[in-house]
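Single-structure report; data block below.
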Amino acid sequence: METGKQVHKRLGRRISLSTCIPVYLSTCSLLWLLPLTFLAIFFFLPLSRILVLTFDTSAFDPDNFRIAGSALRFTFYQAFLSTLLTLLLGLPSAFLFARYDFRGKSFLRAFTAIPFMLPTVVVAAGFSALLGPRGLTHTLFPLSSFQFIGTLPAILIAHVFYNTTIIIRIVGTALSSLDPKLEHAARSLGADTFHVWKNVILPLLRPAIFAATLLVFLFDFTSFGVILLLGGSKFSTIEVEIYLQAVRQLNLPVAALLAIIQLICTLVFSILYTRMTSRSVTQLAPRSTLIRPKTFRQKLFVTVLCFLLYAFFLLPLSSLPIRSLFRLEADRGQRGEVQYGFTTDYYTELFVNRRGSVFYVPPIQAAFNSLGYAGATVVLSLLLGYPAAIALAKPTRLEKILDPLIMLPLGSSAVMLGLGFIITYGKWLTSPWLVPFAHTLVALPFVIRTLQPTIASIPQRLRQAASSLGASPFEVWKQIDFPILRRATLAAGTFAFTISLGEFGATLLIARPEYPTIPVAIERFLSQPGGLNYGQSMAMATILMLLAIIGMLAIEKFRLPNTGEF
Amino acid sequence: MLEVRNIFKTYEGRLLLNDISFTVAEGETICLLGASGSGKSTLLRIIAGLEVPDSGLISFNGLDLTTTPPHLRDFGLVFQDYALFPHLNVNDNVAFGLKMRRVGQDEIVQRVATSLELVSLTGFGTRKVTDLSGGEQQRVALARALAIRPRLLMFDEPLGALDRTLREDLLNELRMILHRTKIPAIYVTHDQEEAFTIADQVLILHEGRIIREGTPADVWMQPESAIVAGFLGLGNLLDGEVIAQNEFQTENGVFTVKCAHTHSRGDKVHLLARPLPAGDEANFVSGAVADVIFQQDRFKVTLENGLYIYLREAPEVGQKISVPVKVECLA
């Protein structure tokens, strides 16, 4: 028989068990000093060094301001045009996906999303393979004299290619989650189609459209690889100018000044974006209102837009692997005569260490370096991301303040991170170990944002139920949290892996020549003369594209359905 | 007024509406009553113009409206989940239909005020609709539909999302408003209590067909089919076989029912045994008491053979009882 005291004691233990779950979480949240320390060393310290450099040297030279001014003007100019064009393609596409049901729809939607996850070098290489001087169009139609690479349209089109999916996702989601009854109510009250859009649908979509537009603008504003590789020497945005000043001119003060300007701009956009998304109206009761195109106008709209999207997204992506397997060049001495032919030379050459080639090692070594860096990035970013995500899933007031601090690297550009590393840890640049740290900085916000919703989605009641059934805090974690988080962990890890594989901006600044990564190798091949170098860049880019697509598929498979991604 | 004639509608090969015809007269409230999936909402959407029938005719005052788009029909529509515009406040929601009709600003203000007064929401005009309670939101939706002075009001399970007491209050108010404004109305619901409270005429829909129509009292007194009696929960349904003129053999004994139909020996019929004791009846429901449930002014007594009966006094569980009841033949 239990005495009353024993019962009380037993119940007391139970009670303390169930109330200790928040305790268990908050002890974990002490752990997130770890990611904060990491950020302090590798982000905030370099950032402060950049700031110091801006203020205590000759940064405020009128010449520097002239450079900054023209870079800033062009940055805004191209970002504005790119965003406008992206909206032009994105809004009708969002409507297409939100309202119509047609064959191959989910495939086409997935297809439009691929570029967003592709490394910039792959996209640049893809457009080069399609429209560049050695690309398919030029060699197949040798008489055409148009220039694409090195022009503003090249930059703009690549940006549209990248970011259309953002509009499709954000605006399309908002559109398809609008309660169709609102439209029905408006119609029954006397509104025709025009007024339904003007007075009901567009006002309700406005926050989503603004948010998507801002995000696209932000990405266009901080774009680096596209502009460096497709724009050529004529165009330099702030981002490119930072790189040029830091690496080519070795003028760190100007680079620092530019970096600060860049940071301020992106911060303003990020704050606006956060404001926008928090204000958007969330509609409940989403119901599928997909219709099959019936009238002639509907059929025409769907067909034309599908064709356009397929052409726009398929051509650059398919040109790359095709070009990497075909020799398309004039033989020496026979200018104009094009030699066609299937070849695997570009791939086999990757394994050969030629004297006088771009590298001191067989080019395929770049792939091994990349994989090594990516593996290290996965481990580092998960180790740092877990404690942060747990703390952010159920934040205390203190942790809420820390949230933007942890997310700040997301708003700052990769080139700026690289610049910070050069200024702060310049003497360790000989070590290949700086690269995974830079990659972790870039990947960490994505890892946290992937883990956090899953952690938050586990109802506290599940943990309480488990502990009331007698599970210790560790068992609660093992039986409840871990099985649910396994998929999210895989998704986050793959995210880190893919980001690290494709990272270009920071790596270009800090990677040692003898430890190139795949994107760095592609950039060097592309910038060298000769058909063989070009072919090898195509081969490398194809390998990277395949790795990135495999990564993407893995993320989609592991990710918790219906969690936001931006 | 409104005439619905021979409406057919199929969806993905399934017949949703099968030859629906009825009319709604001035000031009349018609209730479409049916289980979910009976086609009642589809019918409403066709009348509203949100869907097109495969064949059939919708006309108002003799004018064919079958292919008229919804915004030109002047029919007010009230949804179960209100469908208020979340980006507009109460005033702007109510004024929406008037603005679509390019009504002058002064008249809009005046008509919005009248409509809000009609639903007892005077003073709510500048509130955000998302801050209102469910009942208040439904009043706004009603005011919005009333403001356009519709030729016909349609309700799609308008009270389904509200709790019981609120539902009763709103239902009574709605009844008064419909009487006062004399707007013909079609009210869709699966709740028979709601239907009987508000309707002048009840149409019972089953698998896309109207299987019974009449005033609430008619339908209640003469369900005419086992499906209707079962759906309305009018009493015990018994399967019987004709053994002689007005004599029916069932699992629960022989019943003597005066029946208007002509039957021959051996015919299978459905009988309805009303669950209320009736003193001068020759038929009895008998058996041992299995369960007694308290229901405000009476007890629902379930017998071991599955039959039930309402009694004023609670018998003991296990007690054998025999109660005279009215039994009807449903053919």
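Order-wise, the sequence lines are chains A and B. Numbering follows the working numbering, with no gaps: position 452 of the first sequence is 456. Numbering follows the working numbering, with no gaps: position 218 of the second sequence is 273. By construction, the Cβ of each residue, glycine as well, lies at the ideal position given by its N, Cα and C atoms. No experiment lies behind these values; they were computed from the predicted model shown.
Contact under 8 Å by Cβ, residue i with residue j
{"i": "B:E262", "j": "B:F77", "result": "no"}
{"i": "B:V324", "j": "B:G288", "result": "no"}
{"i": "A:A500", "j": "A:T381", "result": "yes"}
{"i": "A:P323", "j": "A:L93", "result": "Sequence check: residue 323 of chain A is Ser here, not Pro. No, they are not a contact pair."}
{"i": "A:M542", "j": "A:S328", "result": "yes"}
{"i": "B:C384", "j": "B:Y242", "result": "no"}
{"i": "A:H443", "j": "A:S504", "result": "yes"}
{"i": "A:V126", "j": "A:L548", "result": "yes"}
{"i": "A:L321", "j": "A:G130", "result": "yes"}
{"i": "B:L208", "j": "B:I253", "result": "no"}
{"i": "A:I484", "j": "A:I462", "result": "yes"}
{"i": "A:F225", "j": "A:A128", "result": "no"}
{"i": "A:N68", "j": "A:V258", "result": "yes"}
{"i": "B:V372", "j": "B:L358", "result": "no"}
{"i": "A:G506", "j": "A:P523", "result": "yes"}
{"i": "A:S417", "j": "A:T270", "result": "yes"}
Residue nearest to residue i in terms of C-alpha spacing, selected from the options
{"i": "B:I75", "options": "B:H234, B:E81, B:T305, B:D109", "result": "B:D109"}
{"i": "A:R2", "options": "A:A102, A:I559, A:L37", "result": "Residue 2 of chain A falls outside the range modelled here, since chain A spans only 5 to 570, and no answer is possible."}
{"i": "B:R367", "options": "B:P330, B:K375, B:L197", "result": "B:P330"}
{"i": "A:T90", "options": "A:I172, A:L134, A:A378, A:A75", "result": "A:I172"}
{"i": "A:K134", "options": "A:Q302, A:L218, A:R252, A:L318", "result": "Looking at the sequence provided, one finds Leu at residue 134 of chain A rather than Lys. The shortest C-alpha separation from A:L134 is found at A:L318."}
{"i": "B:G82", "options": "B:L225, B:T97, B:R230", "result": "B:R230"}
{"i": "A:L384", "options": "A:N373, A:W437, A:A397", "result": "A:W437"}
{"i": "A:F48", "options": "A:Q151, A:T348, A:P408", "result": "A:P408"}
{"i": "A:R191", "options": "B:G321, B:H126, B:R235", "result": "B:H126"}
{"i": "B:S91", "options": "B:L153, B:T220, B:H245, B:H318", "result": "B:H245"}
{"i": "B:N61", "options": "B:N338, B:S319, B:L112", "result": "B:L112"}
Bounding residues of the beta strand (DSSP E) (the contiguous stretch that carries residue i)
{"i": "B:D352", "result": "Neither: B:D352 is in no beta strand (DSSP E) and is coded neither H nor E."}
{"i": "A:F499", "result": "That residue, A:F499, is in no beta strand (DSSP E); its alpha helix (DSSP H) goes 486-506."}
{"i": "A:K351", "result": "In the sequence on display, residue 351 of chain A carries Tyr and not Lys. A:Y351 -> not in any beta strand (DSSP E); alpha helix (DSSP H) instead, spanning 349-352."}
Chain A within 8 Å of residue i, Cβ atoms only
{"i": "B:R156", "result": "yes"}
{"i": "B:F130", "result": "yes"}
{"i": "B:I348", "result": "no"}
{"i": "B:I364", "result": "no"}
{"i": "B:R204", "result": "no"}
{"i": "B:E58", "result": "no"}
{"i": "B:A138", "result": "yes"}
{"i": "B:P141", "result": "yes"}
{"i": "B:R465", "result": "No statement about residue 465 of chain B is possible, as the shown extent of chain B runs from 56 to 386 and does not include it."}
{"i": "B:V382", "result": "no"}
{"i": "B:F210", "result": "no"}
{"i": "B:G152", "result": "yes"}
Span of the alpha helix (DSSP H) around residue i
{"i": "A:Y166", "result": "156-180"}
{"i": "A:E518", "result": "Neither: A:E518 is in no alpha helix (DSSP H) and is coded neither H nor E."}
{"i": "A:C310", "result": "300-329"}
{"i": "A:Q464", "result": "464-472"}
{"i": "A:P4", "result": "Chain A is shown only over 5 to 570; residue 4 of chain A falls outside these bounds and no answer can be derived."}
{"i": "A:M549", "result": "535-562"}
Cutoff 8 Å: residue i Cβ touching any chain B Cβ
{"i": "A:H199", "result": "yes"}
{"i": "A:L294", "result": "no"}
{"i": "A:A215", "result": "no"}
{"i": "A:L135", "result": "no"}
{"i": "A:W193", "result": "It is Leu, not Trp, that sits at residue 193 of chain A in the sequence shown. With 8 Å as the cut-off, A:L193 counts as an interface residue toward chain B."}
{"i": "A:A190", "result": "yes"}
{"i": "A:L208", "result": "yes"}
{"i": "A:D196", "result": "yes"}
{"i": "A:V204", "result": "yes"}
{"i": "A:P26", "result": "At A:P26, the pLDDT of 45 sits below 50, so the modelled position is not reliable and the matter cannot be decided from this model."}
Cβ-heavy atom distance, residue i to the ligand FMN, below 7 Å
{"i": "B:G308", "result": "The ligand FMN is not part of the structure shown, which contains no ligands of any sort."}
Q.
Using a Cβ-Cβ cutoff of 8 Å, what residues of the stretch 143-162 of chain A are near chain B? List them in chain order.
A. none
| Which residues, taken in chain order from the stretch 171-187 of chain A, show a beta carbon closer than 8 Å to some beta carbon of chain B? | D183, K185, L186
Worksheet item: Taking any Cβ of chain A, which residues in the stretch 278-312 of chain B have a Cβ under 8 Å from it, in chain order?
Response: none
| Can you list, in chain order, the residues of the stretch 106-124 of chain A whose Cβ is nearer than 7 Å to any Cβ on chain B? | none
- request: Could you list the residues in the stretch 449-460 of chain A with a C-beta less than 7 Å from some C-beta on chain B, going in chain order?
  value: none
Handout entry: Near-chain E residues of the stretch 156-183 of chain B (beta-carbon distance less than 8 Å), N- to C-terminal order
Key = Chain labels in this structure do not include chain E; the protein chains are A and B.
Residues within the stretch 111-127 of chain B neighbouring chain A, beta-carbon criterion of under 8 Å:
P124, P125, H126, L127
When Cβ atoms are compared, which residues of the stretch 93-108 of chain B fall closer than 9 Å to chain A?
R100, A103, G104, L105
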